[in-house]
Structure formats: C-alpha cells, structure tokens
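Residue numbers (my numbering): 3 to 1024.
What follows is the structure in structure tokens.
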C-alpha cells in the first residue's frame, strides 16, 4: 500500500471540498466588524489598528491587485477561503499522522483495513472542523483569523514532519521552517504562538527518554520560548532599536533613523559572528538556534511595511507608527490599556495613585532646522492600590462593571468581594459563558444568535443539544414554545452531542494507547482555549461574541473527533462477522453522524453568498449626506464599512468620517488636520499642544467665579478657557492628577444667518427660524472625544458653516450629542446639525423631530439599496439586525413628520417601503416596530397597523409563556428582566396605540393578554 500517495490524494480531496464550500458560502462584499478596515488597509496598503497585521495586508493586496474596485472584497475574502481550505488540508494530515501511530507499531505492515481506518479518521475529523461554527464564520470574510488558523495548522503539521524524520540528516530544516512560519504569523495574529508549548513537548518526546521531571522541564522550556517570542522578539527588538534611536538622534545629534539602522547593522553582525563561531566550533545546537532566530526575524520583518506606509500619510494610519519609537507603542497596544492577570485589584479597591508614566516622544524640528525626539507628554499609566486591596488571580477588577458583578455574584453593594467571588466569576462566567459555551456551539449545538445581556438568561445565545430532556434539564425550557423568530432562528443548530461524543471517544482512545501524543494534543487544546481565557481576563458584556479567539481549541478537538473513528472501528469489529468492513462502516457511520449533520445544521447561518448588508448600509448612510459633509460615527460597524466604501470603491470620498471611538487619541486628531482623498481638513479650535498625549483626556465641570451659572457663554471662549495652561484654571484630585476645568455647562454657538443661507445649510423657507445655538452640556466630565466634537463644531461655525456636520443614526444618543439634540435635523440615516431649534426633540427618543421631509422621502423610496433584507433566504444575525434598527426608527420619524405636514399617503408609502424591504424573516418585530405601528395608525392605515401589532403581540405572548415555563427561578428571573418586561411593554404599547386610534376591540383583547402575562411572570402593572 502506497500510504503517502493515498494520504496526499485524500488530503487534497478534503481540501477541495472545504475550499469549494467556503467559496460557495463566502460573502461577496464587505462584512461587518473589522472586515471593512482590513479590506481598506489591504487594498491601499494602509495601517490598521494595533498591533497590526502587515502580512495579511500584503497578502490581501496581492489577492485584490487585479480585481476591479467592486470585486476587491470578493477577491480578498477568497484569501480567507483559501487559507481555511489549507487549514483543513493540514488538519487532515495531522490526524492521519496520529492515527497511523496508534494503529501501526514499529515495523508492522499497513493493511488495507488499517489504511481505510486511518483515512476515515482524517476525513471525518477534517470535515467536522470544516463545518464547525466558529471556523466556518471566519473562513468566509476578510478577517485575520482564517489566515491565523492556517499558520497554526501548518506549524503543528511541520513539527510532526520533523518528528517523523528526526533521525534523518537535515531533519532540523523543519525546525528552521517552523521558526520562519512563526515569524510570518506575527504579521497576521499572535494566536499561532500558543502552539509553542505543544511543539516543545513533541521535540522532547522524540529526542529524549521521557520522565516526569523531564516532561515538566520541557513544558517549562516551551513556556519560556513562548515568552521569548512574545517579549524578546516582538517587543524586545523594537525596544532595543528605540533606545539606540534615542541615543543617536538626541544625544549624538545624528539624523532620524540612524540609531535604528545602526542597531540593525549591529544585530546582523552579531548573528553572522555567532553563526561563524558555532560552525567552526561544532556547536550544532547553537547554530540551529541562531538560524531559527534569524528566520523568525525575517518573517517578523513584514512590520517594516507598517513604518513605510505610515510615512506615506495614507488615508487610514492607525497610531501613526512612522518611526521605531511609535512602532513600539503600536506593537504594545498602549492605546488599549491592560488588564491584571496574576495580581490586581477588585472593582471597588481604593485607588492610591498611579504608576510612573512612560514618556511620549514625537519628532520635532527646532528653529535651527534640527529634528529630534521631544517628550510631548506621557502614556496612560496604571492605577496603584494598597497591597491589602490587591489579590491573587483577580477576575472582577473593572470598576465600569461593578453593577454587573454585584448582580451576577449577588454581592451586596458596599461589601468587599472575596477570593471566592473571583473564582466563582472565573468558573461560572469566564470559563462557562465565555469559553465552554462557545466550544459547545461547535460540537453540541447552538440555541440562537441572540447575545442577550450576559446574565445567562435561558432564551439567548446558550448551547443546546436538540435532545429536549437534556436541554430542559440545562434550564433552556421548552424551546418549541419560543416566539417564531427565535424558534426558527437560522443559528439554531442541533448536533445532539454527536461531535462531542466522537471527540471524547478519540481522546480516550489516544490516551489509552499513546499518552505522549495525547498530552501534546491536550496542551494544544489547553493553550489555545483555557489559557486564553485566563490571559484575556475578559470583562462582562462584550460588544460581540469572542468565540473566534478560541478556534485553536476547537481545532485540537477536531483531531480527537477524527481519532474517535478508530474507536468506533474497534467497536464495530466486535459485532461484524467480517471485520474488514468495520473501518468502512465506521467511516460512513461517523461521516453521516458528524460532518454531514454539522453541514446540514450550520449551512443556513453560514451561507453569506447573497448578503450585502454591510456595504448597503454604508452606501445608504453616505448617500444621506450633503456634499463635503463631516460625519461623526461611533463604533466599528458604524465606521469600517464606510471606510471600505471610500477607500476601496471610491464612493463619497468628499465626506470626512470622524470615529468618536478614536477622537480621544492625539494621532487621530492630528490626521484630521490634513486633507484625505477629496475631503478637506477638518477645522478645529484647539492646537496640537492642547490635546497631545494625555493632555485634556478629562475636563471637569466646576463653576468658575465671575461666570454666571444661568447665563450662556460663547463656546469658543469656553474652549479657549479649557485650553489654557494657566494653573488657576485647573483642578487637582486626591490622586495628584490635574485637570482642566469646564467653567459652565450653559453654552451657545454664534450663528451667521447669511453664511448659513449662502452655504445651503438651511432652506430659504426656514430662514426666519435660524438662531444662535443655545445648549446645555448634560455631564459633569468631558472626555477628549466630547471636546473634539465641540472644537470641530465651534470651528465650523467660525468659518461660516461651509461644511455640514452630521451625526450617524447609529449614535447612542443621550450625552453623546453634547446637548445639541434639539438642533438635529433628520436626513435619511443621519442627523444634521442645523441652527433651528425643535424644542423637546431628540434623535434618540420617541419624540417629534425636525426632518427634511422631501430629501428623506426620496432617499427611502428611491435611493436606499437596503442589502437584500426583502428576501427570505438570507440570514442576518443579531449584530446585522442592529444596523437595521436605524431604518425603522428613522423611517418612522420621517413618516410622522410627513403626517404632521398632511402627507399621509406619502407616509404610508414610506412605511410600506420599510416593512416590505425589512421582512419579519430578516428582522423580527421588536421594539423597533413600535414607532412603525404608531405611524401606521396616525396615517389612518388601521388594517396595516393592526396586522403588525398582532404579530408583535403574538410573539410577546409566546415569550411570556416560554419564560413562565422555566423552572429554575434565577434563570427565569434573568429571562424576565431581559425579555419578559419587553414582551409586556410590547403588548401594553400595542393596546395603547389601538385604544388611542379607536380600535377598542383589539385594545381590550390585548389588555387581557397583558394582565394574564403580568400574572404569569409575577410582575405588578402600574
């Protein structure tokens, strides 16, 4: 039997299946989250968020090089499909390697039966991972995780190739290759490095006679090597280079980059010297070690492209890492802060001060034309605490989530958490909710795609099996009693524990026959799963599901799924007269029970071939804006698809997008001062020295003598006051920090009426309504993004309103509008700042708002492209639906405005457009439909109003009945708090709408439902 040939053929066949699946289900355009950023940075060789992914950027550029702008996204998405298919290829070969070792002893002949069993194990395990939830999600979009998984797979396969040929000459070439691949992988994602401890154990078990002591030492060495990559290579090299750079430029007076270049030359000289010395003196292991370091460094050198492209002042230049000093900050992710891992505080520990802050250097040219690095401020430093307030293994440390910790762990307010509380949170929340739940999604089943509030309520985002008694025992209740949109959710996948059971069988089978290999896979599973949980130390209520971080653990388990076929084969041999057909039967049986089942269950929620929502929402938002607009956005999904439309497709490049999440960072504010594409520089009041580094990260409100609290003050004057460095205008805190002062919350912006009319900000018909903008800041602390908004608005007004200012409809509202809510005019999917006051209005509230009726009506009826939400066979997950909220909320406000203008027929047409283009199958009728129903009633379309209200009431009643059947009181109460009260509110509002519009029959019917539902849930009605 030619094992190698058959192994290769089967491997490539499995690759072809996986690659074809991913190509068929791949999204054809931009996706949400970071995909818009990665597509933009790859297409334009720009600089993404730290710590960067330069190799992915270069590969993406290669894949998108010959595609038209409209097809660039599809081309780069195919990179993920290809690397994911290759991951499956190397997984297959990994499984067959271990399976062969289990079935064949040294010198034993390979029989046909054993060959079939080995190939069957590889096919089943590889295809199980092909159709697994987490991996499939990353395989069909332009994200780094697919390529990162490829590096994990090929590195682990490479160490097995070394193991197979370790006694042959030149076998250590595989170790050098592994080092190079490790270095390359740093330019994609750091998750690949977590394989190092497992690789170290493979090396030890192959080269040494294993002992317990030796195994422990090998494991420790593996962990040290992991640290050497993470700290020594990734950060250590730039740290040393930056020290040389500061010495040469600031102390020796040499040109910029001289120190970094000298360090590189010195490093090369040391490496060459070591290689020559090791060769001459027969130091083989030193020679191999240095070669491994060299090739890791060569792979890591992809980061040079970050500096090169940053110096080109590209459109997206996150952190502006244009020299070795700023590159170090970029690599260390300093803008994101850090979390405690081993020792740290609880959420209510008393702050005693701050650690010493690291200086921030920036290139500055003096009056003599000499450029050096000057200290312009400091990085954010960590708080310090009394040693008695710090503990080992802190898990509930974040002050911003104090309320969650107290409710979740039932800690009375004012009490100090205990070690038990920390461990309880670790096991119950971080391990169970943030890891085990994700693992079970892949190999047991998934309830739905609703994230819920992270209180582990029974109805949202749990794992299920599909076995009703088990699911009820786990507190999921009667899943068939749920509302239709939850019961029929595409992400409801029932795998009946079959992949999990087969994987456990493989685990047991391997450990019984080869504990060493079982230990290796176990370490891979641990470091790519549980170790990440410990290291990340996640806070609750994450903005998105984090299952992608643990794809390595599901990969390792897929090896055991494959090996489980061998145990099934052995079991079948006991019952089949012809033992030779056992491996065939086992392969077919497990192939149907696991990969085929997974493919059937997971296909509908992973098929993105017809989805265009991210691109469509970005197009619709940009289409809503006037020429040369300034648009404030918030969050990833509100921003990155817009970047894609501008940077890749070249649409509306005149618009300047300002991400509120970045507006608190000096490098981002600096970039706003320059023209990008067709968008002019953003006008500002403040100067660089006002916002550099930590300057004015926080401004505290404190009434100032001589400024009446009840009198409005010109915003520009207040900003000048805040920007002053006069210590009289500062306030100090107990921790020793000094802050600028906001002297009043009553502000106004002077409006030049003629300039407003000249620049078309307001229609001439509304000229009589134009007035100064008087507003009240509704917060006692202003953060740098708040100051950024106010600075830009003041500067735009000062320049005569030459550019319109918009806030995206995705803005959370409240204080983020800086008290300007009453001056917002809705135009499609954006709110435009105009000097016309509508008393009591707010984009974030269900109150009448000023609307540009003609423009908004035209946008909804003729220009919006919607993104396929009118079709029934396209899956939109919960985060997709969040982007659709704006269409309903904003559209209903436009309809109400049309009704107030007497245009009821137009209002009905617009509402029909919304309900036709966003079907119930695309997005259920939740709170976002309340204003739509109300508008239908107001427009006189009673039949349509009652139709949609009836569906809302039906789903609400089902939710109430479902929750009332939950037997676990705590889970039941969490479910009531999250969805039960909303269900009652839905029925109550529908009854009120009906009553107010003369539909007494429905009003009475729904009020009875409300009373009954409240009684079932034990909630008193007021």
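Where a beta carbon is used, it is the ideal one built from N, C-alpha and C, also for glycine.
Quick caveat: nothing in here was measured; it's all calculated off a predicted structure.
- Message: Taking the beta strand (DSSP E) that residue 828 belongs to, which residues open and close that run?
- Response: 826-829
- Message: Please state whether the Cβ-Cβ distance between residue 97 and residue 128 is less than 8 Å.
- Response: Yes, the pair counts as a contact, with Cβ atoms nearer than the cut-off.
- Query: Taking Cβ to Cβ, would you say residue 826 is nearer than 8 Å to residue 809?
  - Reply: Yes, these two residues count as a Cβ contact at 8 Å.
- Query: Can the beta-carbon of residue 568 be found less than 8 Å from the beta-carbon of residue 20?
  - Reply: no
- Task: Indicate whether the contact test is met: 3 or more Cβ pairs, each with one atom in the stretch 112-121 and one in the stretch 144-157, closer than 8 Å.
- Result: no
- Taking the alpha carbon of residue 652 as the point to measure from, which residue in 624, 666, 477 and 992 has its own alpha carbon closest? 624
- Query: Where does residue 774 fall in DSSP's three states?
  - Reply: coil
- Item | Rounded C-alpha distance that separates residue 861 from residue 896 | A direct Cα-Cα distance of roughly 11 Å separates residue 861 from residue 896.
- Item | Contacting residues, own chain, Cβ-Cβ under 8 Å from residue 998 (five flanking each side not counted) | 939
- Query: Under 8 Å, do residue 1019 and residue 968 count as touching if we go by C-beta distance?
  - Reply: no
- Task: Since I believe residue 649 is in contact with residue 42 (beta carbons under 8 Å), could you give me their beta-carbon distance rounded to a whole number of angstroms?
- Result: Sure, about 4 Å apart at Cβ, within 8 Å.
- Report yes if the C-beta distance between residue 429 and residue 396 is below 8 Å; otherwise report no. Result no, Cβ atoms of residue 429 and residue 396 do not sit closer than 8 Å.
- Task: Using the DSSP secondary-structure output, state which residues sit across from residue 448 in a beta bridge.
- Result: Under the DSSP definition of a beta bridge, residue 448 partners with 465 and 495.
- Message: Tell me which residues share the same chain as residue 71 and place their Cβ nearer than 7 Å to its Cβ, disregarding the 5 neighbours each side in the sequence.
- Response: 650, 651 and 652
- Query: Expressed to the nearest angstrom, what Euclidean distance is found between the alpha-carbon atoms of residue 1013 and residue 974?
  - Reply: When the Cα atoms are used, residue 1013 and residue 974 turn out to be separated by approximately 19 Å.
- Assuming residue 472 contacts residue 523 (C-beta within less than 8 Å), just tell me the rounded distance between them. Contact doesn't hold; Cβ gap of about 27 Å is too wide.
- Task: Report the rounded CA-to-CA distance for residue 1005 versus residue 407, giving the unit in angstroms.
- Result: 41 Å
- Looking only at its own chain, which residues have a Cβ that is under 7 Å from the Cβ of residue 483, when we skip the five neighbours before and after it? The answer, listed in chain order, is 960, 963, 964 and 967.
- Message: Nearest by alpha-carbon distance to residue 184: which of 120, 177, 298 and 785 is it?
- Response: 298
- Pick from 873, 692 and 413 that is closest to residue 793, judged by C-alpha positions: 692
- Rounded to a whole number of angstroms, what is the C-alpha to C-alpha distance between residue 580 and residue 112? 18 Å
- Query: Can you name, in chain order, every residue of its own chain whose Cβ lies under 8 Å from the Cβ of residue 512, other than the five neighbours on each side?
  - Reply: 100, 104, 519, 520, 523, 562 and 565
- Item | residue 279, buried or exposed, once every other Cβ within 10 Å from all chains shown has been counted against 16 | exposed
- Query: Which partner residues does residue 701 have in the DSSP bridge list?
  - Reply: 742 and 784
- Expected contact under 8 Å - CB spacing of residue 984 and residue 926 to nearest Å: By a beta-carbon distance limit of 8 Å, residue 984 does not contact residue 926. Their separation comes to about 12 Å.
- Query: Which one of 848, 807 and 719 has the shortest CA to CA distance from residue 833?
  - Reply: 807
- For residue 37, count neighbouring C-beta atoms within 10 Å of its own C-beta (all shown protein chains included) and say buried if the count is 16 or more, exposed if not. buried
- Query: Out of curiosity, what's the CA-to-CA distance linking residue 688 and residue 744?
  - Reply: 15 Å
- Message: Quick check on DSSP: helix, strand or coil for residue 396?
- Response: coil
- Item | DSSP three-state assignment for residue 908, whether helix, strand or coil | helix
- Item | Host beta strand (DSSP E) of residue 635 (start-end) | Counting along the chain, residue 635 sits inside the beta strand (DSSP E) bounded by residues 632-635.
- Message: Please tell me whether residue 342 and residue 391 are closer than 8 Å, where the distance is taken between their beta carbons.
- Response: no
- Could you tell me whether any non-hydrogen atom of the ligand NAD is closer than 7 Å to the CB of residue 549? You won't find the ligand NAD in this model; it holds no ligand whatsoever.
- Query: Whole-angstrom Cβ separation of residue 1 and residue 615, contact assumed at under 8 Å?
  - Reply: The question about residue 1 has no answer, for the chain in this structure spans 3 to 1024.
- Query: Alpha carbon to alpha carbon, what distance is there between residue 75 and residue 85?
  - Reply: 16 Å
- Length of the line joining the Cα atoms of residue 46 and residue 249: 34 Å
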